[in-house]
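Note that my numbering has the first sequence beginning at 58, numbered continuously upward. Positions of the beta carbon are idealized from the N, C-alpha and C atoms, including for glycine.
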Amino acid sequence: MIFTTKIAAAVNESLQDLYTQDITGSTDNNFQFQINDTKPEFEGDYTIVLFALVKSLRKSPEAIGQELGNHLLKNNPNFFSSYNVIKGFLNVSIKNETLSSLLQENYQNKNFGSKAKNNQKVMVEYSSPNTNKPLHLGHLRNNFLGWSVAEILKANGNDVVKTSIVNDRGIHICKSMIAWQQFANGATPDSTKEKGDHLVGHYYVKFNDEYKKEVADLIEQGKSKEEAEKEAPIMKKTQQMLLDWENGDPKVMDLWRTMNGWVYKGFDETYQRIGSDFDHTFYESNTYLLGKDFVQEGLQKGVLSQKEDGSVWIDLSDKNLDQKLLLRGDGTSVYITQDIGLAKQKFEEYHLDKSIYVIGDEQLHHMKVLKETIRKLGMPFADNIFHLSYGMVELTTGKMKSREGTVVDADDLINEMVSTAEQHTMELGKVKDFTSQELKELYEILGLGAMKFYLLRVDPKKKMLFDPKESIDFHGFTGPFVQYTYARIQSILRKVATENFDFSKGIPSNDLLPMERELIISLEKYDTAINDAANELNPAVIANYVFNLAKLFNAFYVNHSVMNAENEEKKILRLHLSVMTANILKNGLHLLGIRVPQRM
RNA sequence: GGUCCGGUAGCUCAGCUGGAUAGAGCAUCAGCCUUCUAAGCUGAGGGUCAUUGGUUCGAAUCCAAUCCGGAUCACCA
């Protein structure tokens, strides 16, 4: 970022000096060019692409390149060391002195991280589970994404509020409750030694099994499928329970609170383990009546219309979106009604500039409708609602369906990852002196690191394929690879620390090897990575950056010794490089919710 | 059917606001541990960037059409 903006400014200045008179017509001095990284097969650090200038200057790209390169060097003798022109590409190299003083400066600032100050108040809503079943792989993607995006936005200078809305009411919750009443014989998490969310989840599946059975029986007795589905006793009981719940029936409320309590306890355990946290949690049981007022207001304003049966609609056909029901004939609200109410509440209570919803892409349409409805209702924040939609996690073995129990359970997967980490660690045998407590901690760091990296390294928008039979890798483009690089550097620092280096004296040499230059330039790009990731709401940008940096360091590591450097000056330089790389790897991984081990 | 998203190496994915010979990881093959951690490093093979046409100095990238896959279009949440 620092370099590209600096180069852009320098190029602009030179172009103005050289060609202002030559430009006919426009006087805004707007020169078109592009700055790219120089491809490794050419000499140089950055490449200025000149083709776009050819037309307005009416010169050959080679001529422009020579003139511009020459002028740049003359004008910025402390910044550029050399240039070359190949076809329409002007490759420039940055001076060693500039690079090492940048490293020096950033070393003293402790970080290359973003200095951006956006100062926006942003809410990120993510996780948003149902309290009738445990979390599965899809929820993990959501949690990791939401948490990471929130941290990335913070790193980019925003004030971020993390929230979750818990879907704790409704017919599906009653299903688990009814099935528990009928089949559980009073089983509790304590009596069964099972995590509460799993226990409740079983009865959700059980409901579905029983329901199917009853429907089949009724069909056998001669009912139509439709009739059977309506009349199945367990479904009727469930619907009655929902009514009782809405009327505040003490017995139902009691059971509801108890069973939700079990689920929350289970969720908390999982959240704590994966490091998900929220500044505020909304509960649907509190928010589901929100939004009705706006419907009334909208009616008065004439934005909404009412049908004969009393139902209220909004017409979005001008936005290519059809009509949408906002209030049923009996006056009860639907999902989107409360969403409108909650959106408004969020903006007002928190004075938000932006509200981001981390929700699967199957709700793209819903979110579009929500946004347009809010706009039509005249609420000013419609444009500040963003849907960070992510693709489903699909299994090689078919679709995940909680109802049918064909999901990759979050807790199971985490356990599996952690034990794989243990297995690898045991095989390598590098930490035999660790206490059992330290080992346990290490396995968590590595197992979760592998899993988070795996889920975050791909573009959120894309759906991803997961093979439950194949374990997530610990080699190559993975979390453990980056963690390993960090641990390696710590190993160097542990050995050198005893020698009491005086870093305050700075880097005494400007004699840089190609790999040392590459590392500095790469470190400098962390800032750009954070910016890009924040603008795109895409943690994969960070994952890719951090991986490339680690790869670069490893190549450097095998070629050049820090401890036994050619001379004292080299040693100091490389220590700076090592510390900075470790800092950024740690910081970058943190943005992905991944911790680093000191040894592994 | 309408709308939206995707199709890049055997597999999983980068690259997509147009730029040089399309990149990683896994898998395959060949090397590297008396020197700071081999969860590592070096190298090799592997491509009709779904197809066809267009735009231009230049297209994986932009446009159009077609094919394939998916999501969605509730008085469910």
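* Where does N592 land, buried or exposed, given buried means 16+ other C-beta within 10 angstroms? -> The sequence position of residue 592 within the first sequence is 535, counting from 1. N592 should be labelled exposed.
* Asked: Is it true that the CB of I151 sits closer than 8 Å to the CB of F60?
  -> The sequence position of residue 60 within the first sequence is 3, counting from 1. The sequence position of residue 151 within the first sequence is 94, counting from 1. With contacts defined as CB atoms closer than 8 Å, F60 and I151 qualify as a contacting pair.
* Identify the continuous beta strand (DSSP E) that holds E182 and give its terminal residues. => Numbered from 1 along the first sequence, position 125 holds the residue referred to as residue 182. Residues K178 to E182.
* **Cβ-based neighbour list, K322, same chain, cut-off 6 Å, excluding 5 preceding and 5 following** => Translated into positions along the first sequence, residue 322 becomes position 265. Cβ within range, chain order: G253.
* Asked: Per DSSP, what kind of secondary structure is D85 in: helix, strand or coil?
  -> The count along the first sequence starts at 1 and reaches residue 85 at position 28. Here D85 scores only 48 on pLDDT, less than 50, and its place in the model is too uncertain to base an answer on.
* Evaluate contact between the region 223 to 231 and the region 179 to 189, counting only Cβ atoms and requiring at least three cross-stretch pairs below 8 Å. => Yes, they touch.
* N127 to A65 span [Cα, whole Å] -> Taking the first sequence and counting its residues from 1, the one referred to as residue 127 is at position 70. Taking the first sequence and counting its residues from 1, the one referred to as residue 65 is at position 8. Here the C-alpha atom of N127 lies approximately 16 Å from the C-alpha atom of A65.
* T585 to K358, Cα distance in whole Å? -> Reading the first sequence from its first residue, position 528 is the one you call residue 585. Reading the first sequence from its first residue, position 301 is the one you call residue 358. If you take the alpha carbons of T585 and K358, they lie about 47 Å apart.
* Report the rounded CA-to-CA distance for Q480 versus G486, giving the unit in angstroms. => For the purposes of this step, residue 480 is taken as the residue at position 423 of the first sequence. For the purposes of this step, residue 486 is taken as the residue at position 429 of the first sequence. For Q480 and G486, the distance between alpha carbons rounds to 10 Å.
* Identify the residues that DSSP records as bridge partners of N93: which are they? -> To locate residue 93, count along the first sequence from 1; it is residue 36. The partner list for N93 (beta bridge, DSSP) reads T104.
* To do: Could you tell me whether the Cβ atoms of E130 and I121 are closer together than 8 Å?
  => Taking the first residue of the first sequence as 1, we reach residue 130 at position 73. Taking the first residue of the first sequence as 1, we reach residue 121 at position 64. What sits at residue 130 in the sequence shown is Leu, not Glu. In this structure, I121 does not lie closer than 8 Å to L130 by Cβ.
* For V515 versus V181, is the C-beta distance shorter than 8 Å? -> Within the first sequence, numbered from 1, the residue matching residue 515 stands at position 458. Within the first sequence, numbered from 1, the residue matching residue 181 stands at position 124. Cβ atoms of V515 and V181: not closer than 8 Å.
* Asked: DSSP on M474, reduced to helix/strand/coil?
  -> Mapped onto the first sequence, residue 474 falls at position 417. Secondary structure at M474: helix, using DSSP grouped into helix, strand and coil.
* To do: Would you kindly work out how many angstroms separate the C-alpha atoms of V352 and A439, rounded to a whole number?
  => Locating residue 352 in the first sequence gives position 295, where the first residue counts as 1. Locating residue 439 in the first sequence gives position 382, where the first residue counts as 1. Their backbone Cα atoms lie some 16 Å apart in a straight line.
* F613 (DSSP reduced to helix, strand or coil) -> Within the first sequence, the letter at position 556 stands for residue 613. Annotated three-state conformation of F613 is helix, per DSSP.
* Whose CA, out of A507, F534, L197 and D372, lies closest to the CA of G448? -> In the first sequence, residue 448 corresponds to position 391, counting from 1. Closest by C-alpha distance to G448, out of A507, F534, L197 and D372, is L197.
* Alpha-carbon to alpha-carbon, G417 and V653 -> Within the first sequence, the letter at position 596 stands for residue 653. Within the first sequence, the letter at position 360 stands for residue 417. Their Cα atoms are separated by approximately 29 Å.
* To do: Decide if N3 is buried, meaning its Cβ has at least 16 other Cβ atoms within 10 Å, or exposed.
  => Residue 3 cannot be examined here, being either before or after the span of the chain that is shown, 58 to 657.
* Proximity of I564 and L160 at Cβ, strictly below 8 Å -> As a position in the first sequence, residue 564 is number 507, starting the count at 1. As a position in the first sequence, residue 160 is number 103, starting the count at 1. In terms of Cβ geometry, I564 and L160 form a close pair [threshold 8 Å].
* To do: Please report the residue range of the alpha helix (DSSP H) in which H196 lies.
  => Walking along the first sequence from the start, residue 196 turns up at place 139. Per DSSP, H196 belongs to the alpha helix (DSSP H) from L194 to A212.
* Every unbroken alpha helix (DSSP H) within the region 565 to 593, with a cutoff of 4 residues, ordered by chain -> For the region 565 to 593, whole alpha helix (DSSP H) runs of length 4 or above, ordered along the chain, are 571 to 581 and 583 to 593.
* Asked: CB-CB under 8 Å to D334, same chain, minus the five flanking residues each way: which ones, in chain order?
  -> To locate residue 334, count along the first sequence from 1; it is residue 277. Counting only Cβ-Cβ distances below 8 Å, and skipping sequence neighbours, we find W204, K219 and Y328.
* To do: Specify, as a first and last residue, the run of the beta strand (DSSP E) that K219 falls within.
  => Translated into the one-based positions of the first sequence, residue 219 becomes position 162. Per DSSP, K219 belongs to the beta strand (DSSP E) from D216 to V223.
* To do: Tell me whether H128 sits in a helix, a strand or coil according to DSSP, three-state version.
  => Here residue 128 corresponds to residue number 71 of the first sequence, with the count starting at 1. In the structure shown, H128 sits in a helix (DSSP, three-state: H, G or I).
* Own chain partners of K552 with C-beta closer than 8 Å, once the 5 adjacent residues on each side are dropped -> What you label residue 552 is simply residue 495 of the first sequence in a count that begins at 1. Excluding positions up to five away in sequence, the list reads M620.
* Residues in its own chain within less than 8 Å of K96 by CB, not counting five upstream and five downstream? -> Translated into the one-based positions of the first sequence, residue 96 becomes position 39. So the qualifying residues of the chain are T104.
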